[in-house]
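Have a look at the structure below before the remarks.
In the numbering used here, the protein residues as written are 112 to 703.
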């Protein structure tokens, strides 16, 4: 049996892995599992209910999820079977973004994650969109999506669902994924069943997983990376366990004991920071051991013929330090696939040295999202790259410079149909012969591995005529234990400066150690000795950089940056223009 539409994955899995507990969630103090047969039954019931409410092919329903959960996947598949187009909206969107998306798509209804979002959105939806129906997925509360309360479907209703489902074609629109990326007004990426199915099939032979594996899902379901990944897991017959929320993530991981997961760099960076922080707070002997183990781990290379001395050192490092990382991730974790943003190579090496094989990939909403990935076969991984193009994807570096760098262009069946109601914008990013201009700059390493060196629109030129790609520099300065976030600045300026958000947990421990009175972050960033400490850290890192890339000055920001507060996009990329506008006065002072 094959699948050509995304919802065909359900009978596909049912035929290969009958009785499989496919989706799992923590409900009222215990884990609840749903078999693939039960999921299909519930999906059919919801499809029937939606049909009876007047929903038909081409209608649109907005989803506002926080994280994944079985109900989101069931509702998603139910919409797909009717040809109803799902329009996910990130819960951190502004009122203006909600209004823009709902207005442009003409959604008939909007389903949100919980009652908090329900009441937040109802404040303006009732006035601005009187015909739109608002629901939530908090069972037992007013406004709960009624389709989940229906328990049966009659033979006549099932026949009608089968008839409608049969009329949905692979080339029909599956979803409109809105992305504001790191700049500008939201734009709707139109993806068909064929786009996403081709993406799933392109990685089936690359993933070393089976129906015996279990994964934990914790990324936002409004993100194409997580959504396509969950579809892909179902194809493999893998059990998907949905984390409750970010606060319970560590507890859930230890409970689920996953064998793999997909994530973003921030997850591994936080674990790495915790290890370094632990080293900083221990006595001198333990501190020395942890730092030694980190040093050994960062030298890790995936090859069979380890030098005997290094093999011995790695074994000791794992025994004393690195195995604890694996335990924190449940103890059974074998693979982690990282997407959405760049992960520092040294962190990828360190986790792999701990026995958790990390693979970095590359994609974007416009490509459903997979473009390239590092693989698990010998010689098919380079930690400083995002791997090789997946099956069916053509990739080229357009107009490369003397270093082989240029804009990354891609072509394949996974590439979007265009931006919703934006023919001119679509024309700008698509070449006449079908190449998608990604806006990312990169080069090929060893002729087959793709290395991303920056974002085309973020690369700037200083007044001295030097080109700077800020993302690699930002990642470089975040090596410091004291630096949580960093934004590199210097467009049309004589030198590079930065905005730095301290790691306040580490900074507080350092202050206590140095007998510096600790108050609130907004006051500590102005402390003279704190400033001197950050100057010391920046200067230490500047030594390894060419002169034109060194950070000459910086501003310490006391506010944390996150998706919720608007500094990061849903794919964990810094939104530069917002930060530059917000801190324009501080930036101006650095160049006076």
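For every residue, glycine included, the Cβ atom is placed at its ideal position computed from N, Cα and C.
CA-CA distance, residue i and residue j?
i, j, result
"residue 457", "residue 418", "19 Å"
"residue 465", "residue 137", "29 Å"
"residue 92", "residue 627", "What the structure shows of the chain is the stretch from 112 to 703, and residue 92 is not part of that stretch, so it cannot be assessed."
"residue 384", "residue 333", "27 Å"
"residue 528", "residue 265", "37 Å"
"residue 633", "residue 382", "26 Å"
"residue 702", "residue 608", "9 Å"
"residue 283", "residue 475", "20 Å"
"residue 410", "residue 698", "38 Å"
"residue 245", "residue 532", "24 Å"
"residue 164", "residue 146", "27 Å"
"residue 514", "residue 569", "19 Å"
"residue 485", "residue 221", "38 Å"
"residue 590", "residue 413", "23 Å"
"residue 340", "residue 588", "31 Å"
"residue 326", "residue 364", "9 Å"
"residue 263", "residue 320", "35 Å"
"residue 307", "residue 649", "44 Å"
So, with DSSP's three-state summary, where would you put residue i?
i, result
"residue 243", "coil"
"residue 527", "coil"
"residue 342", "helix"
"residue 486", "coil"
"residue 785", "Since the first and last residues shown for the chain are 112 and 703, residue 785 lies out of range."
"residue 277", "helix"
"residue 348", "coil"
"residue 701", "helix"
"residue 470", "strand"
"residue 537", "helix"
"residue 679", "strand"
"residue 361", "helix"
"residue 218", "coil"
"residue 501", "coil"
"residue 668", "coil"
Could you tell me if residue i is buried or exposed, where buried requires 16 or more neighbouring beta carbons within 10 angstroms of its beta carbon?
i, result
"residue 130", "exposed"
"residue 219", "buried"
"residue 392", "exposed"
"residue 562", "buried"
"residue 446", "buried"
"residue 316", "exposed"
"residue 603", "exposed"
"residue 499", "buried"
"residue 553", "buried"
"residue 505", "exposed"
"residue 655", "exposed"
"residue 395", "exposed"
Below 8 Å between beta carbons: does that hold for residue i and residue j?
i, j, result
"residue 390", "residue 407", "no"
"residue 536", "residue 298", "yes"
"residue 483", "residue 525", "no"
"residue 192", "residue 154", "yes"
"residue 195", "residue 161", "yes"
"residue 255", "residue 128", "no"
"residue 461", "residue 405", "yes"
"residue 353", "residue 178", "yes"
"residue 203", "residue 675", "yes"
"residue 576", "residue 313", "no"
"residue 151", "residue 186", "no"
"residue 706", "residue 286", "Since the first and last residues shown for the chain are 112 and 703, residue 706 lies out of range."
"residue 157", "residue 174", "no"
"residue 116", "residue 304", "yes"
"residue 612", "residue 672", "yes"
"residue 261", "residue 123", "no"
"residue 610", "residue 598", "yes"
"residue 550", "residue 567", "yes"
"residue 605", "residue 586", "no"
In chain order, what residues of the same chain lie with their CB nearer than 6 Å to the CB of residue i, ignoring the 5 residues before and after it?
i, result
"residue 614", "593, 595"
"residue 289", "212, 297, 299"
"residue 170", "195, 219"
For residue i, I'd like the list of residues in its chain whose CB is within less than 7 Å of its CB, leaving aside the five on either flank, ordered along the chain.
i, result
"residue 144", "132, 135"
"residue 451", "336, 375, 682, 683"
Using a Cβ-Cβ cut-off of 8 Å (strictly less than) and excluding sequence neighbours within five positions of residue i, which residues of its own chain qualify?
i, result
"residue 653", "661, 662"
"residue 467", "436, 437, 440, 444, 445, 446, 447"
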